[in-house]
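Novice: Sharing a structure, written as structure tokens. Questions coming.
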Amino acid sequence: LSLLFLHPLTTGTSTRNFARCIHSLYMSPIKKTILILLCAVELNFRFEHASFRSGRQRNIWCVPMQRRKGNRPPQKYYKKPVRKGFRSESPTECPEFPSTRENIHSASGSSDSDPEENSGNDGNSKNFSLITAMWDLGQCDPRRCTGRKLVRFGLTRQLKLTEPFHGIVLTPTATQYLDPQNDRNIVERCGVGVIDCSWAQLDKTPFRKLKFFHGRLVPYLLAVNPVNYGKPHKLTCVEAFAATLFILGWTREAEILLNKFSWGPTFLTVNADLLAAYGQCRTEAEVFQIQKDYETKLAETKSKKIESYSDIYAALDAEIQQHSEGSLQSDEFGESGDQRSESIECEKDDVSVGEASDARENSPFCVESLETVALSDDALELLEKQVKCMASEFQHSKLLKEAGRNWDRFYNRNGARFFKDRHWTTREFVELTKLLEVGSDQRMILEVGCGVGNFIFPLLENMNSGLQFDSAVQPPTESTKDLKSAIFYACDISPKAVAMVKRHTLFSADRASAFLCDISAEGALSVALADAPKPALLDQPSPLHSGFHLASLIFVLSAINPDAMHICLQNISDVLRPGGKLLLRDYGLYDHSQLRFGRGSRLLEDKPFYHRQDGTFTYFFSVEELTAMLTNAGLTVLKCSYIHRKTENRAIDLCVKRIFIQAIAEKPK
Numbered sequence: 001l002s003l004l005f006l007h008p009l010t011t012g013t014s015t016r017n018f019a020r021c022i023h024s025l026y027m028s029p030i031k032k033t034i035l036i037l038l039c040a041v042e043l044n045f046r047f048e049h050a051s052f053r054s055g056r057q058r059n060i061w062c063v064p065m066q067r068r069k070g071n072r073p074p075q076k077y078y079k080k081p082v083r084k085g086f087r088s089e090s091p092t093e094c095p096e097f098p099s100t101r102e103n104i105h106s107a108s109g110s111s112d113s114d115p116e117e118n119s120g121n122d123g124n125s126k127n128f129s130l131i132t133a134m135w136d137l138g139q140c141d142p143r144r145c146t147g148r149k150l151v152r153f154g155l156t157r158q159l160k161l162t163e164p165f166h167g168i169v170l171t172p173t174a175t176q177y178l179d180p181q182n183d184r185n186i187v188e189r190c191g192v193g194v195i196d197c198s199w200a201q202l203d204k205t206p207f208r209k210l211k212f213f214h215g216r217l218v219p220y221l222l223a224v225n226p227v228n229y230g231k232p233h234k235l236t237c238v239e240a241f242a243a244t245l246f247i248l249g250w251t252r253e254a255e256i257l258l259n260k261f262s263w264g265p266t267f268l269t270v271n272a273d274l275l276a277a278y279g280q281c282r283t284e285a286e287v288f289q290i291q292k293d294y295e296t297k298l299a300e301t302k303s304k305k306i307e308s309y310s311d312i313y314a315a316l317d318a319e320i321q322q323h324s325e326g327s328l329q330s331d332e333f334g335e336s337g338d339q340r341s342e343s344i345e346c347e348k349d350d351v352s353v354g355e356a357s358d359a360r361e362n363s364p365f366c367v368e369s370l371e372t373v374a375l376s377d378d379a380l381e382l383l384e385k386q387v388k389c390m391a392s393e394f395q396h397s398k399l400l401k402e403a404g405r406n407w408d409r410f411y412n413r414n415g416a417r418f419f420k421d422r423h424w425t426t427r428e429f430v431e432l433t434k435l436l437e438v439g440s441d442q443r444m445i446l447e448v449g450c451g452v453g454n455f456i457f458p459l460l461e462n463m464n465s466g467l468q469f470d471s472a473v474q475p476p477t478e479s480t481k482d483l484k485s486a487i488f489y490a491c492d493i494s495p496k497a498v499a500m501v502k503r504h505t506l507f508s509a510d511r512a513s514a515f516l517c518d519i520s521a522e523g524a525l526s527v528a529l530a531d532a533p534k535p536a537l538l539d540q541p542s543p544l545h546s547g548f549h550l551a552s553l554i555f556v557l558s559a560i561n562p563d564a565m566h567i568c569l570q571n572i573s574d575v576l577r578p579g580g581k582l583l584l585r586d587y588g589l590y591d592h593s594q595l596r597f598g599r600g601s602r603l604l605e606d607k608p609f610y611h612r613q614d615g616t617f618t619y620f621f622s623v624e625e626l627t628a629m630l631t632n633a634g635l636t637v638l639k640c641s642y643i644h645r646k647t648e649n650r651a652i653d654l655c656v657k658r659i660f661i662q663a664i665a666e667k668p669k
């Protein structure tokens, strides 16, 4: 044994080396076992003696020889991790509930948070001083659960199902609404909690197993989360938290919670009026009364009969007689999505919005001007937020590649119901009224981006109404023959839209042709026109023989990539005849729809280029920019100005300022 300790393999003072050395000796197994035990005892004694001398304690155990197949090593012991930072700050009042104040910053940088969470981490959560908690019943998608994200941020604590809660609990099974006078004290002492469950599984949710004492209902509010957007009462955990804190007076804490989500700030914007009204209440009865009044008003609005176009035009005619000094016009229904909006125009040359007459100050109006409106501080702040939170480059490139497909999906989903026929074009553009005049030449009109034909079909309808006569009394004249001489060409990037144009009742292959064309591709329009079906009444071999008299771009140029707009205008300029005109109308800079875009909608930092939720684009032009683009395309700009309009929606008592841009350009003779 003494010689064994001097063996060179054992100089490292390792029990494993002793075992290997003994295993190599020619001994019986019993003797080898005895030697191994003696070596282990000797080594243990040596190390214990050395540890006492150095002030440390070590425990060396014998390591067995190489194990045979099938023998498993003992399981490793993992120390159970301790949950971070929850301790009770007021044990006398709420003994079972710990506070989340010390765990605010611990989860904000966690690796499992998604980009949406990290984008909302602004550091204000360190000032969050209220207690929030939740029971997770496991019914929601973990990737979309707002309560779990708040837990990862450290703003909320997840309770066990058997753990009681002494604060107020927001639950759909409660019988009492929020009481600002009493509930504020409860929340200040013990906090607020929610039950994270699925709205589709309320019947199967075991609410009775949860231990709480102050159940509350959240009053009428609209959800803005991506799952239940626009639906009343169906709030997520963070929306319920924010609504409760806002109503009880903690507006800053509510904003901290909502800022963790990209769509969170929209919740306060959509429900601004209701939250402000609820915040002024003192008792539960006042909260319930405000909710009841709002629901009654909403029911009256829904039951209200939608005015037909004949009723609206009759009202406009009556108003024209009262205000004969102005030229009143009806607004374009449907471009802004408000089907029941009513807008009246009065055009004045070179006047601003503020110079409108006092007699019509409270009525909708339209003013033509070369200057856009001055923005308020709030509007400038909104534009700065749009620039700071732009869409990613990947999303930008993907939308550009799928531009045509997205428009095809749009028309496949909405059909011909979204945009209304543009009857106002003959009043806005005098050039279109010449179609009904007697002339010797056949006129050709090209509509670029025709959609479902909302531009050409009102013109065809007006022409057909001029052709109606009694053949027994009034035989056909030269004027009626001239009316038939107008030839229409219409193109669009969406095959679905072109097919719907061809199926329209007013479409006739004798004087109209619809074809597919990507106007943003260089030279694509000339190639598509050469292959397009030729109308039977066309007295020329091809529309490219002499060119078109008129071309229209009605809310089309803004839907094209800004880098390809000059190609679009150049394509149109190439197919116009000398003296032919381009009629253009689109969205003006700082329009109300531009200010409504939220985070992730802006695509370019230096240009007002946005994308909608359906993947389509929109752009907002200035007079200087559009004039330069038309001039570079070889056209002479005859007119380019802003159209300022007030659009009133009486159903929801809303009045907004719209800004459009209108231009007429001519190809030099």
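Every letter in the sequence shown is one number past the one before it in UniProt numbering, and letter 41, counting from 1, is 41. No residue lacks a Cβ here, since even glycine has one placed at the ideal position from N, Cα and C.
Looking at LEU221 and ASN271, is the spacing between their C-beta atoms short of 8 angstroms?
Specialist: In contact: ASN271 and LEU221 (Cβ atoms closer than 8 angstroms).
Novice: Please list the terminal residues of the continuous beta strand (DSSP E) segment that includes MET444.
Specialist: Unbroken beta strand (DSSP E) run through MET444: 444 to 448.
Novice: In terms of residue numbering, what span does the beta strand (DSSP E) encompassing ILE664 cover?
Specialist: Per DSSP, ILE664 belongs to the beta strand (DSSP E) from 654 to 666.
Novice: Could you spell out where the beta strand (DSSP E) holding HIS214 opens and where it closes?
Specialist: First-last of the beta strand (DSSP E) with HIS214: 212 to 216.
Novice: Are the CB atoms of SER513 and PRO541 nearer to each other than 8 angstroms?
Specialist: It is not a contact, given that the beta carbons lie outside the stated cut-off.
Novice: For the candidate residues HIS644, LYS646, THR647 and LEU626, whose alpha-carbon lies nearest to that of LEU638?
Specialist: Of the listed residues, the one whose Cα sits closest to LEU638 is LEU626.
Novice: Whose C-beta lies closer than 8 angstroms to the C-beta of CYS281 among residues of the same chain, with five residues either side of it excluded?
Specialist: Around CYS281: PRO180, ILE247, VAL287 and ILE290.
Novice: If we ignore side chains and look at the alpha-carbon of each, how far apart do ALA223 and TRP263 end up?
Specialist: Between ALA223 and TRP263, the C-alpha separation is close to 11 angstroms.
Novice: Excluding five sequence neighbours on each side, which residues of the same chain lie with their C-beta closer than 7 angstroms to the C-beta of ARG422?
Specialist: Here the set comprises GLU332, ASN454, PHE455, PRO458 and ILE554.
Novice: For GLU461 and CYS237, what's the separation of their Cα atoms in angstroms?
Specialist: Their Cα atoms are separated by approximately 54 angstroms.
Novice: Give the secondary structure of ILE508 by DSSP, where H, G and I count as helix, E and B as strand, and everything else as coil.
Specialist: At residue 508 the sequence reads Ser, which differs from the Ile that was named. In the structure shown, SER508 sits in coil (DSSP, three-state: anything other than H, G, I, E or B).
Novice: Taking 8 angstroms as the threshold (C-beta atoms), are GLU447 and SER558 in contact?
Specialist: Going by C-beta atoms, SER558 is not nearer than 8 angstroms to GLU447.
Novice: With a cut-off of 8 angstroms on the beta carbons, I'd call THR251 and GLY191 a contact; round off their distance for me.
Specialist: Not a contact, Cβ separation roughly 17 angstroms.
Novice: Under 7 angstroms Cβ to Cβ from HIS611, same chain only, skipping five residues before and after it: list those, please.
Specialist: Closer than 7 angstroms at the Cβ level, and outside the excluded window around HIS611, lie ALA391, LEU399, SER601, LEU603 and PHE617.
Novice: Considering PRO578, what are the terminal residues of the beta strand (DSSP E) in which it resides?
Specialist: PRO578 -> beta strand (DSSP E) spans 576 to 587.
Novice: Relative to the C-alpha of SER546, which candidate in LEU582, ALA528, ASP574 and ASP203 has its C-alpha closest?
Specialist: Nearest C-alpha to SER546: ASP574.
Novice: Determine the extent of the alpha helix (DSSP H) in which ARG157 is found, giving its start and end residues.
Specialist: Taken as a continuous stretch (DSSP letters only), ARG157 belongs to no alpha helix (DSSP H), being part of the beta strand (DSSP E) at 157 to 159.
Novice: Got a sec? Which residues, its chain only, sit under 7 angstroms from GLY404 by beta carbon, not counting five neighbours each side?
Specialist: Only ILE493, SER494 and ASP518 meet the Cβ criterion.
Novice: SER397 by DSSP, collapsed to three states: which one?
Specialist: In the structure shown, SER397 sits in a helix (DSSP, three-state: H, G or I).
Novice: Examine chain B for any beta-carbon lying closer than 8 angstroms to the beta-carbon of LEU635, and answer yes or no.
Specialist: Checking the listed chains, one finds no chain B in this structure; it contains a single protein chain.
Novice: Alpha carbon to alpha carbon, how far is GLU419 from ARG413?
Specialist: For the sequence presented, residue 419 should be read as Phe rather than Glu. Going by the C-alpha atoms only, they are around 13 angstroms apart.
Novice: So, are the CB atoms of LEU268 and LEU155 less than 8 angstroms apart?
Specialist: Cβ atoms of LEU268 and LEU155: not closer than 8 angstroms.
Novice: What are the residues that DSSP puts in a beta bridge with MET134?
Specialist: For MET134, which the question treats as bridged, DSSP gives the partners GLN158 and VAL194.
Novice: Over what stretch of residues does the beta strand (DSSP E) that includes ASP293 continue unbroken?
Specialist: No beta strand (DSSP E) holds ASP293; the alpha helix (DSSP H) holding it covers 284 to 303.
Novice: Spatial neighbours of LYS385 within its chain, please: CB distance less than 8 angstroms, with the 5 preceding and 5 following residues excluded, ordered by chain position.
Specialist: Only ARG599 meet the Cβ criterion.
Novice: Under a three-way DSSP split, which group does TYR278 fall into?
Specialist: TYR278 falls in the helix class under three-state DSSP.
Novice: Count the other CB atoms within 10 Å of the CB of THR425; is the residue buried (16 or more) or exposed (fewer)?
Specialist: The residue in question, THR425, is buried, as its Cβ has 16 or more Cβ neighbours within 10 Å.
Novice: Look at the alpha carbon of ALA497 and the alpha carbon of PHE507, and state the distance between them as a whole number of angstroms.
Specialist: Approximately 13 angstroms between the Cα atoms of the pair.
Novice: Just mark PHE213 as buried or exposed, buried being the case when its beta carbon has 16 or more other beta carbons within 10 Å.
Specialist: Label assigned to PHE213: exposed.
Novice: Would you kindly check if the distance between the Cβ of LEU178 and the Cβ of PRO219 is under 8 angstroms?
Specialist: Taking 8 angstroms as the Cβ cut-off, PRO219 and LEU178 qualify as a contacting pair.
Novice: If we call anything under 8 angstroms between Cβ atoms a contact, is LYS669 one with PRO543?
Specialist: Against a cut-off of 8 angstroms, the Cβ pair of PRO543 and LYS669 comes out as no contact.
Novice: Select from GLY193, THR146, THR171 and THR173 the residue whose C-alpha is nearest the C-alpha of GLU163.
Specialist: Ranking GLY193, THR146, THR171 and THR173 by Cα distance to GLU163 puts GLY193 first.
Novice: Would you check if the distance between the CB atom of LYS657 and the CB atom of VAL373 is smaller than 8 angstroms?
Specialist: Yes, Cβ-Cβ distance for LYS657 and VAL373 is below 8 angstroms.
Novice: So the beta strand (DSSP E) SER526 belongs to, where does it begin and stop?
Specialist: Run containing SER526: none in the beta strand (DSSP E); it sits in the alpha helix (DSSP H), 524 to 531.
Novice: Which residue from THR146, LEU159 and TYR590 puts its Cα closest to that of HIS644?
Specialist: Cα-wise, what sits closest to HIS644 is TYR590.
Novice: Straight-line CA distance for PRO172 to LYS302?
Specialist: Roughly 26 angstroms separates the two Cα atoms.
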